[in-house]
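Asks:
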Amino acid sequence: MALPTLRIIGFLLGIFLITLAIGMVVPMLTLLAFERTDDLQAFIWASAITGGCGVALVAPGRPANAKLRPRDMYFLTTASWLVVCCFAALPMMLSRHISYTDAFFETMSGITTTGSTILTGLDDASPGLLMWRSMLHWLGGIGFIGMAVAILPLLRIGGMRLFQTESSDWSEKVVPRSHIAGQYLIAIYVGMTLAAVAAFWLADMSLFDAINHAMSTVSTGGFSTSDASMGKFSPSAHWVAVFFMVLGSLPFTLYVATLRGHRKALIRDQQVRGFLVLLVVSSVLFSGWYWLTHDADWLYALRIVTFNVVSVVTTTGYASGDYTQWGGFAMMVFFYLTFIGGCSGSTTGGLKIFRFQVAYALLRANLKQLIHPRAVIRQQYNGHTLDEDIVRSILTFSFFITITIGALALCLALLGLDLITALTGAASAVCNVGPGLGAIIGPAGNFGPLPDAAKWLLALGMLLGRLEIITVLVVLTPAFWRH
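Counting from 1, one number per residue, gives the positions in the sequence shown under the numbering used here.
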């Protein structure tokens, strides 16, 4: 990689670090508002170190006439998430006096909006630390939206070219439109967060809890201010969370299109319709099963099941109780739901619903071809022709995500973890869901008891899943570094 390219990448990383250092001021103000100064020094030092490193990278200036090629974006994308995570872990390590391994795991979980945690005693934790965890979710959510809209389609990752928009085109004529699209995305994200704050506050949460859960919900992250997660709060708060988890799982580009006059953009989108149908059908059928087998009130069954189904499918990871106690059938259902995810261009992780829809369209077309060998069958999805490049990308991504989960689970088992913990931990990390299954990392537990090596492996799995796996694998190939 040429020196000017490395310089411009360093310049951009410096801007990210300066922004991160400024963001640490918010937890400081939170501590002052609560008249708590126990963690204030930790945030001051962390902000100073982060800002200083950022200034050092920015100081040489941006190289003249240096441009990033599409292949350079693989490295920038991977490096930016890693570097930001390394520095964002400093406040946790300094304030909680935990190991850097635990701090890095918690931070990676936050910034990838996974929601797995190693911390306990959240009900009495520092308000500054709780605010910082929620902010990591919020920043990671908007960061992934930008990446999914502007970068991944350009890099042809996992079939994302299906959703290429004018903000994905880096030609000179589209730059102004790209800026406008970015402004719309940020405005929608902020507006949705403020609406969630108001809704949670009206649902009997304190203002502090409402702010934290609004950031975690809109970003489909899952960090809470209580060890009991959403189980601590009222049933109305559960329905508010369901509503905003769904909103955070829809394509933000379609929100932009709606605001710009295309009022039926969301309704007409095949991906959105399939996602909403999946949530409704799964919730109703699963609620019926729970109602029949647990002798529960129907409205209670509908609420408790819908909340947990939406939480898992949208990869948020909230829990209102320990659903692993519902029996083997329920555990298997939740394990399957772990892989689905929301829509492309949203804050969610997982495989994304469009890949399942494309796979079904290909299966149906192949069956028709077997019945009518001479027929010419057009393969389309959401108005786009499914050409060979898109199909190959989707198959490649699906293959590698399966291999990644299998290899990660095997490594975790090698470290001594039991089958359920290893397999569901790997799946929840790569799909960015949060809790796994079993007594240790299930919705009633956390990842604290795991060995350090397992936490580093799971952190790697979170990063791979958030960056659609292939983005990172490309950087690791020797061919990428050849001139």
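Ideal Cβ positions, reconstructed from N, Cα and C, are used throughout, including at glycine.
Just so you know, these numbers come straight off a predicted model, no measurement behind them.
Can you tell which of Pro478, Thr477, Ala301 and Leu463 has the C-alpha that lies nearest to the C-alpha of Thr77?
Replies: Nearest of Pro478, Thr477, Ala301 and Leu463 to Thr77, Cα basis: Leu463.
Asks: Let me check understanding here. Comparing Cα to Cα, which of Gly274, Asp269 and Leu302 lies closest to Val284?
Replies: Closest option to Val284, Cα to Cα, is Leu302.
Asks: Which residue from Ala103, Met93, Thr5 and Leu40 puts its Cα closest to that of Ala64?
Replies: Comparing Cα positions, the closest option is Thr5.
Asks: Kindly list the residues whose CB is nearer than 6 Å to the CB of Trp170, restricted to its own chain and excluding five residues on each side of it in sequence; keep chain order.
Replies: Only weak support exists for where Trp170 lies, its pLDDT of 36 falling under 50; the coordinates are left without a value.
Asks: Near Val475, what residues of its chain come up, given a Cβ to Cβ distance below 7 Å and the 5 sequence neighbours on each side ignored?
Replies: Contacts found: Tyr74, Phe75 and Thr78.
Asks: Can you give the Cα-Cα distance for Leu31 and Asp39, rounded to whole angstroms?
Replies: The alpha-carbon atoms of Leu31 and Asp39 are separated by roughly 8 Å.
Asks: Taking Tyr300 as part of the alpha helix (DSSP H), name the residues at either end of that continuous run.
Replies: Unbroken alpha helix (DSSP H) run through Tyr300: Trp298 to Val313.
Asks: Pull up the CB-CB distance for Met215 and Met135, whole angstroms please, since I reckon it's below 8 Å.
Replies: The Cβ separation is near 7 Å, so the contact holds.
Asks: Look at the Cβ atom of Met331, then the Cβ atom of Leu437, and state whether they are nearer than 8 Å.
Replies: Closer than 8 Å, so yes.
Asks: Measure the C-alpha to C-alpha separation of Gly328 and Asp124 and round it to an integer number of angstroms.
Replies: Approximately 34 Å, taken between the alpha carbons.
Asks: Three or more C-beta pairs under 8 Å: does that hold for the region 220-228 against the region 107-122?
Replies: The region 220-228 is in contact with the region 107-122.
Asks: Assuming Leu362 is part of the alpha helix (DSSP H), what are its boundary residues?
Replies: Residues Ile353 to Ile371.
Asks: Can at least three beta-carbon pairs, one atom from the region 92-107 and one from the region 47-57, be found at a separation below 8 Å?
Replies: No: fewer than three Cβ pairs fall under 8 Å.
Asks: Quick one: measure Cβ to Cβ for Thr113 and Ser249, integer angstroms, because I've assumed they're closer than 8 Å.
Replies: So it is not a contact: roughly 11 Å between Cβ atoms.
Asks: If I'm right that Phe43 touches Met28 with Cβ under 8 Å, what's the distance once you round it to whole angstroms?
Replies: Indeed, because the Cβ distance is near 5 Å, the residues count as touching under 8 Å.
Asks: Taking just the CA atoms, how far does Phe447 sit from Tyr100?
Replies: Each residue's Cα considered, the two are about 15 Å apart.
Asks: Thinking just about the alpha-carbon of each residue, which of Thr107, Ala88 and Ala439 is nearest to the one in Ile22?
Replies: Closest by alpha carbon: Ala88.
Asks: Please work out which residues of its chain come closer than 8 Å, Cβ to Cβ, to Tyr189, disregarding the five sequence neighbours upstream and downstream, and give them in chain order.
Replies: Around Tyr189: Gly141, Ile142, Ile145, Val218 and Phe252.
Asks: Unbroken alpha helix (DSSP H) runs of length 4 or more, entirely within the region 393-441: which are they?
Replies: Qualifying alpha helix (DSSP H) stretches, in chain order: 419-430.
Asks: Hey, which unbroken runs of the alpha helix (DSSP H) at 4 residues or more fall wholly within the region 74-111?
Replies: Within the region 74-111, the complete alpha helix (DSSP H) runs of at least 4 residues are 90-96 and 100-111.
Asks: Between which two residues does the alpha helix (DSSP H) harbouring Cys53 extend?
Replies: Counting along the chain, the alpha helix (DSSP H) containing Cys53 begins and ends at Leu40 to Val58.
Asks: Starting from the Cα of Leu460, find the closest Cα among Gly61, Gln41 and Leu82 and give me that residue.
Replies: It is Leu82.
Asks: Identify, in the order they occur along the chain, each residue of the same chain with its Cβ nearer than 7 Å to the Cβ of Leu20, setting aside the five sequence neighbours on each side.
Replies: These residues qualify, in order along the chain: Thr50, Val84, Phe87 and Ala88.
Asks: Would the region 271-278 count as touching the region 184-202 if we require 3 or more Cβ pairs under 8 Å?
Replies: Flag = no, the region 271-278 and the region 184-202 do not touch.
Asks: Could you tell me which of Leu259, Ala454, Leu467 and Gly321 sits nearest to Asp102, measuring between CA atoms?
Replies: When only C-alpha atoms are compared, the closest one is Ala454.
Asks: When the distance is taken between beta carbons, is Cys431 closer than 8 Å to Gly345?
Replies: The answer is no: Cβ separation not under 8 Å.
Asks: Which partner residues of Tyr381 appear in the DSSP bridge assignment?
Replies: His384, per the DSSP bridge assignment.
Asks: Can you tell which of Leu254, Ala181, Val277 and Ile304 has the C-alpha that lies nearest to the C-alpha of Trp289?
Replies: Closest by alpha carbon: Ile304.
Asks: Can you tell me which of the three DSSP states Ile186 falls into?
Replies: Ile186 falls in the helix class under three-state DSSP.
Asks: Just to confirm my understanding: we take Gly222, look at its own chain, exclude 5 residues before and 5 after, and list those with CB closer than 7 Å. What are they?
Replies: Gly115, Ser216, Thr316, Gly317, Tyr318 and Gly434, listed in sequence order.
Asks: Within the continuous alpha helix (DSSP H) that includes Arg268, where are the two ends?
Replies: Ala265 to Arg268 is the span of the alpha helix (DSSP H), which, as asked, contains Arg268.
Asks: Mind checking which residues open and close the alpha helix (DSSP H) that includes Leu31?
Replies: Here the alpha helix (DSSP H) through Leu31 covers Val25 to Ala33.
Asks: So what's Tyr318 in DSSP terms, helix, strand or just coil?
Replies: DSSP places Tyr318 in coil when its eight states are reduced to three.
Asks: DSSP state of Pro235, grouped into three classes?
Replies: Helix, per DSSP.
Asks: Is Asn446 helix, strand or coil when you go by DSSP?
Replies: Coil.
Asks: With a threshold of 16 other CB atoms inside 10 Å of the CB of Phe399, please say whether the residue is buried or exposed.
Replies: When all chains shown are included, Phe399 counts as exposed.
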